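Peer 1: Chains as they are written, first to last, in my numbering: chain A, 13 to 235; chain V, -9 to 69.
Have a look at this one.
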Amino acid sequence: MKAAVVVFPASNCDRDVHDALKRSNGTPPAMVWHQDASLPEGLDLIVLPGGFSYGDYLRCGAMAAQSPIMRDVIDRANKGTPVLGICNGFQILCETKLLPGALMRNASLKFVSRDVNMTVEGANTMFTAGYKPGQVINIPVAHGDGNYFADNETLDRLEGEGQVAFRYVEGSNPNGAARNIAGIFNERRTILGLMPHPERHSEPLHGNTDGKAIFDSLVKALS
Amino acid sequence: MKARVTVMLKSGVLDPQGKAIGQSLNRLGFANVGDVRQGKVIEIELDETDQSRARAKLSEMCEKLLANTVIENYAIELR
């Protein structure tokens, strides 16, 4: 699998996701600077990592969505190249409209950094084939703006079309997200955005490997 | 020409910051405070003399960057 991780100013999980991809894939992903005009040719996967790109100025992900590299990311995504957006990456995907909805300030107004349990709602995709439908996995969150919002019509459509990828277990929603949504797919299930950080639970030294299946699933589907 | 763009969360979108400000005002003894909403003000200097062209440009800026129209409304004021 040929993967690339886009690095924005103030990305801070780019190295973590680099290592998680390398562990699952054997070869490391390309690291692409946000000012570059284009991504490497023949990519199987684009990753937008977690962090606080541009210091979250204006809105989380708003400035990154206008970075030069994003024109090529949007172009490739529209042509079907798979994209994984984690935390800030999910916010950027919503700001570029590659995914519907928006990530708002946590309902508590507090930054939340802790492990949460979430249910795998959408198994049988290239991202989630390694999980059983309904499986509960434990993944860390670390964000101040993870409160997923979309109008009711959009939320109904996401649920009806099976585009909800992960849902926080009832009672453990860390941010007030609508319908406990932690992550969503686009219609074609070639794009996944999620607030929790699977790369932070991807090797035994992390104390938990529940997130590893996402990277293993991608390698299996895209190699 | 100077422009002032005001960006507010749409009505119906929960505004926890506005709510917290309202509660603080209540605690300070301002008992007659109702709903409080918080937004952003962005001032822009524009090299343009034609009002309608300026408005069109500013609308484009709002749609492309200044507001996220999934959750926010914007208003443009020219001065």
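Even for Gly, the Cβ is constructed at its ideal location relative to N, Cα and C.
All of these numbers come straight from a predicted model, not from anything done at the bench.
(1) Distance check for Val181 of chain A and Ala114 of chain A, CA to CA, integer angstroms please.
(2) Under 9 Å between the Cβ atoms of Ile149 of chain A and Ala89 of chain A?
(3) Report yes or no: do the segment 195 to 206 of chain A and the segment 104 to 119 of chain A share at least 3 C-beta pairs separated by less than 8 Å?
(4) Between the alpha carbons of Ala119 of chain A and Asn187 of chain A, how many angstroms are there, rounded?
(5) So is Ala(-7) of chain V buried or exposed if we call it buried at 16+ other beta carbons inside 10 Å?
(6) How do the segment 158 to 167 of chain A and the segment 132 to 139 of chain A stand: do at least 3 beta-carbon pairs fall below 8 Å, yes or no?
(7) As a quick exercise: from V:Ile66, V:Glu67, V:Thr59 and V:Met(-2), pick the residue whose alpha carbon is nearest that of Arg27 of chain V.
(8) May I have the straight-line CA-CA distance separating Leu230 of chain A from Gly183 of chain A, to the nearest angstrom?
(9) Of the residues that make up the segment 54 to 82 of chain A, which ones have a beta carbon closer than 9 Å to any beta carbon in chain V?
(10) Which value, in whole angstroms, describes the spacing of the CA atoms of Leu55 of chain A and Ala76 of chain A?
(11) For Met51 of chain V, which option in V:Ile61, V:Val60 and V:Ile66 has the closest C-alpha, if you only look at C-alpha atoms?
(12) Rounded to whole angstroms, what's the CA-CA distance from Asp68 of chain A to His209 of chain A? Just pull it up for me.
(13) With 9 Å set as the bound, which would you pick, yes or no: does the beta-carbon of Asn220 of chain A sit closer than that to a beta-carbon of chain V?
(14) My output table needs one value for Ala21 of chain V: the three-state DSSP class, helix, strand or coil.
(15) Once the 5 residues before and after Ala189 of chain A are set aside, which same chain residues still bring their CB inside 6 Å of it?
(16) At a CB distance below 7 Å, what residues from the segment 45 to 63 of chain V approach chain A? Give them in sequence order.
(17) Can you say whether Glu62 of chain V is buried or exposed, counting buried as having 16 or more other CB atoms within 10 angstroms of its CB?
(18) Mind checking whether Pro80 of chain A and Val19 of chain A have CB atoms under 9 Å apart?
(19) Just tell me which of A:Asp48, A:Met130 and A:Leu51 has its CA closest to the CA of Arg191 of chain A.
(20) According to DSSP, simplified to helix, strand and coil, what is Tyr143 of chain A?
(21) Taking all protein chains shown into account, decide if Ala44 of chain V is buried (16 or more other Cβ within 10 angstroms of its Cβ) or exposed.
(22) Are there 16 or more other CB atoms within 10 angstroms of the CB of Phe20 of chain V, so buried, or fewer, so exposed?
(23) Taking the alpha-carbon positions, what's the Ala233 of chain A to Thr93 of chain A distance?
(24) Along the beta strand (DSSP E) that carries Phe161 of chain A, what are the first and last residues, could you check?
(25) Would Val(-5) of chain V count as contacting chain A if we go by Cβ distances under 9 Å?
(26) Answer yes or no: does any C-beta atom of chain V fall closer than 9 Å to that of Gly188 of chain A?
(27) Kindly list, in the order they appear in chain V, the residues whose Cβ is closer than 8 Å to that of Glu107 of chain A.
(28) As an exercise, report each continuous alpha helix (DSSP H) stretch of at least 4 residues that is fully enclosed by the segment 79 to 117 of chain A, in chain order.
Peer 2: Working from what's here:
(1) Counting from one through the first sequence, the residue named residue 114 of chain A turns up at place 102. Counting from one through the first sequence, the residue named residue 181 of chain A turns up at place 169. The alpha-carbon atoms of Ala114 of chain A and Val181 of chain A are separated by roughly 21 Å.
(2) Start at 1 with the first residue of the first sequence, and residue 149 of chain A comes out as number 137. Start at 1 with the first residue of the first sequence, and residue 89 of chain A comes out as number 77. In this structure, Ala89 of chain A does not lie closer than 9 Å to Ile149 of chain A by Cβ.
(3) yes
(4) The residue given as residue 119 of chain A occupies position 107 in the first sequence. The residue given as residue 187 of chain A occupies position 175 in the first sequence. Roughly 5 Å between the two C-alpha positions.
(5) Counted from its first residue, the second sequence places residue -7 of chain V at position 3. Classification of Ala(-7) of chain V: buried, given that the 10 Å Cβ count is 16 or more.
(6) no
(7) Within the second sequence, residue 27 of chain V is the residue found at index 37, counting from 1. Comparing alpha carbon positions, the residue from V:Ile66, V:Glu67, V:Thr59 and V:Met(-2) closest to Arg27 of chain V is V:Met(-2).
(8) Residue mapping note: residue 230 of chain A aligns to position 218 of the first sequence, counting from 1. Residue mapping note: residue 183 of chain A aligns to position 171 of the first sequence, counting from 1. Each residue's alpha carbon lies about 30 Å from the other.
(9) Leu70, Arg71, Ala74, Met75, Ala77 and Gln78
(10) The residue given as residue 55 of chain A occupies position 43 in the first sequence. The residue given as residue 76 of chain A occupies position 64 in the first sequence. Near 21 Å, if we compare the C-alpha coordinates of Ala76 of chain A and Leu55 of chain A.
(11) The residue given as residue 51 of chain V occupies position 61 in the second sequence. If we check each option's Cα against that of Met51 of chain V, V:Ile66 comes out closest.
(12) Translated into the one-based positions of the first sequence, residue 68 of chain A becomes position 56. Translated into the one-based positions of the first sequence, residue 209 of chain A becomes position 197. Asp68 of chain A and His209 of chain A: Cα-Cα distance of roughly 18 Å.
(13) To locate residue 220 of chain A, count along the first sequence from 1; it is residue 208. Not an interface residue.
(14) Locating residue 21 of chain V in the second sequence gives position 31, counting from the first residue. Coil at Ala21 of chain V, not helix or strand.
(15) Locating residue 189 of chain A in the first sequence gives position 177, counting from the first residue. Asn159 and Tyr160.
(16) Leu55, Asn58, Val60 and Ile61
(17) Here residue 62 of chain V is taken as the residue at index 72 of the second sequence, counted from 1. Result: buried.
(18) By 1-based counting over the first sequence, the position of residue 80 of chain A is 68. By 1-based counting over the first sequence, the position of residue 19 of chain A is 7. For Pro80 of chain A and Val19 of chain A, no; Cβs fall outside 9 Å.
(19) In the first sequence, residue 191 of chain A corresponds to position 179, counting from 1. For Arg191 of chain A, the nearest C-alpha among the options comes from A:Met130.
(20) Residue numbering aside, residue 143 of chain A sits at position 131 when the first sequence is read from its first letter. Note: Tyr143 of chain A maps to coil in three-state DSSP.
(21) Position 54 of the second sequence, counted from the first residue, corresponds to residue 44 of chain V. Buried, because 16 or more other Cβ atoms sit within 10 Å of the Cβ of Ala44 of chain V.
(22) On the second sequence, residue 20 of chain V is found 30 positions in, with the first residue counted as 1. Under this definition Phe20 of chain V is an exposed residue.
(23) Taking the first sequence and counting its residues from 1, one reaches residue 233 of chain A at position 221. Taking the first sequence and counting its residues from 1, one reaches residue 93 of chain A at position 81. Their backbone Cα atoms lie some 12 Å apart in a straight line.
(24) As a first step, residue 161 of chain A is located in the first sequence; it is residue number 149 there, counting from the start. Counting along the chain, the beta strand (DSSP E) containing Phe161 of chain A begins and ends at Asn159 to Phe161.
(25) Against the second sequence, residue -5 of chain V aligns to sequence position 5. Output row for Val(-5) of chain V: interface = no.
(26) As a position in the first sequence, residue 188 of chain A is number 176, starting the count at 1. Gly188 of chain A counts as touching chain V.
(27) For the purposes of this step, residue 107 of chain A is taken as the residue at position 95 of the first sequence. Those within 8 Å of Glu107 of chain A in chain V are Asn58.
(28) 80 to 90 and 100 to 107
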